[in-house]
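Enquirer:
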Amino acid sequence: MAKNTSPDADATKKPKKKRWYHQIWEVFQMVRKAQPSIVAWLLLVFVGVVAVGVVLGLLFDQVLYFTFLAVPFAALAAMFLLARRAETVAYQRIEGEPGAVSAALGTIRRGWNIQDEPVAVDPRTQDMVFRAVGRPGVVLISEGPPHRVPKLLEGERKRVARVIPNVPVIVLQCGNGEGQVKLTKIANAVKRQKNVLTRSEVAEVSKRLRALRSNAMPIPKGVDPRRARPDRKGMRGR
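Residue numbers (my numbering): 1 to 238.
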């Protein structure tokens, strides 16, 4: 009997799930393409940790035990180095692209309500302002040159302050100019702000700010902040 090769039968087939080692290999390939020296560094870290285990084994007269014990720690250290390099490469890929700030904010896991789309856009220059709401209050992060974005930031700050006058509004500039925060550090800069609100207050502030979305300007053509988001699961090998 002939096998059913109809389009409907093909559509019912589930896509093959990637294993964790496939994801690690993809991340390794990505990093090696941008940083060929990663192979030598991974070997150096792995061998170095194993060497420490051998030395400890010689000191305690249990070389075999400490060597086997050092192997998983060596693999863990190599994976940590690969993850850090992968994060650096991912940021290098999106730096300078419209919506890069949204991608960087997307690496913040919990405790923040982050607006994926820009809340303010200059249609002529494509400078943008993104918003994150957390226990420190409302954080506005600009994307653009330091001589252009202050006016856009201030306009959005006043707009937010009219809706929630008693909540702190923090402004940050993302970029490589003077007084700006680099893209690789913007997520940490947001998380380091001092907490002043309770979790219930954060939810209420987020709810009130959603009303501003109806007046938000459309995203310029070609700008898709979510498209630039780094693959954090791939970095962690999951």
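Every residue gets a Cβ at the ideal spot worked out from N, C-alpha and C, and that includes glycine. What you are looking at is a predicted structure, and each value in this text was computed from that prediction instead of being measured.
Does DSSP put residue 137 in a helix, a strand or coil?
Expert: Within the sequence shown, residue 137 is the residue found at index 137, counting from 1. Correct three-state label for residue 137: strand.
Enquirer: According to DSSP, is residue 172 helix, strand or coil?
Expert: Position 172 of the sequence shown, counted from the start, is the residue given in the question as residue 172. Strand, per DSSP.
Enquirer: Kindly indicate which three-state DSSP category residue 217 falls into: helix, strand or coil?
Expert: Residue 217 sits at position 217 when you count from the first residue of the sequence shown. Unreliable positioning characterises residue 217 in this predicted model, as indicated by a pLDDT of 48, which lies under 50. A coordinate reading is not provided.
Enquirer: Name the two residues that bound the continuous alpha helix (DSSP H) containing residue 50.
Expert: Looking up residue 50 in the sequence shown gives position 50. First-last of the alpha helix (DSSP H) with residue 50: 38–60.
Enquirer: Using DSSP's beta-bridge definition, name the partner residues of residue 93.
Expert: Here the question's residue 93 lines up with position 93 in the sequence shown. According to DSSP, which records beta bridges pairwise, residue 93 is partnered with nothing at all.
Enquirer: What distance in whole Å lies between the Cβ atoms of residue 202 and residue 106, which are believed to be in contact at a cut-off of 8 Å?
Expert: Counted from its first residue, the sequence shown places residue 106 at position 106. Counted from its first residue, the sequence shown places residue 202 at position 202. The Cβ separation is near 18 Å, so there is no contact.
Enquirer: Give the range of the alpha helix (DSSP H) segment to which residue 153 is assigned.
Expert: Position 153 of the sequence shown, counting from 1, holds the residue named residue 153. Note, residue 153: alpha helix (DSSP H), 149–163.
Enquirer: By the DSSP assignment, the alpha helix (DSSP H) with residue 180 in it spans what residues?
Expert: By 1-based counting over the sequence shown, the position of residue 180 is 180. Here residue 180 belongs to no alpha helix (DSSP H), and DSSP marks it neither H nor E.
Enquirer: Can you give the Cα-Cα distance for residue 115 and residue 167, rounded to whole angstroms?
Expert: Position 115 of the sequence shown, counted from the start, is the residue given in the question as residue 115. Position 167 of the sequence shown, counted from the start, is the residue given in the question as residue 167. Near 18 Å, if we compare the C-alpha coordinates of residue 167 and residue 115.
Enquirer: With respect to the alpha helix (DSSP H) encompassing residue 167, which residues constitute its N-terminal and C-terminal limits?
Expert: Counting from one through the sequence shown, the residue named residue 167 turns up at place 167. Note, residue 167: premise wrong, no alpha helix (DSSP H); not H, not E.
Enquirer: Tell me the rounded alpha-carbon separation between residue 35 and residue 98.
Expert: If you number the sequence shown from 1, residue 35 lands on position 35. If you number the sequence shown from 1, residue 98 lands on position 98. Their Cα atoms are separated by approximately 24 Å.
Enquirer: Going by the beta-carbon positions, is the gap between residue 31 and residue 86 smaller than 8 Å?
Expert: Against the sequence shown, residue 31 aligns to sequence position 31. Against the sequence shown, residue 86 aligns to sequence position 86. Cβ distance < 8 Å, so residue 31 and residue 86 count as in contact.
Enquirer: Run through the DSSP bridge pairs and tell me what residue 128 is partnered with.
Expert: If you number the sequence shown from 1, residue 128 lands on position 128. In the DSSP output, where bridge partners are listed per residue, residue 128 has 121 and 143.
Enquirer: Which of the three DSSP states, helix, strand or coil, is assigned to residue 114?
Expert: Along the sequence shown, one-based indexing puts residue 114 at 114. DSSP places residue 114 in strand when its eight states are reduced to three.
Enquirer: Using 10 angstroms around the beta-carbon of residue 102, count the other beta-carbons present and answer buried if the total reaches 16, otherwise exposed.
Expert: Looking up residue 102 in the sequence shown gives position 102. Looking at its Cβ environment, which holds 16 or more other Cβ atoms inside 10 Å, residue 102 is buried.
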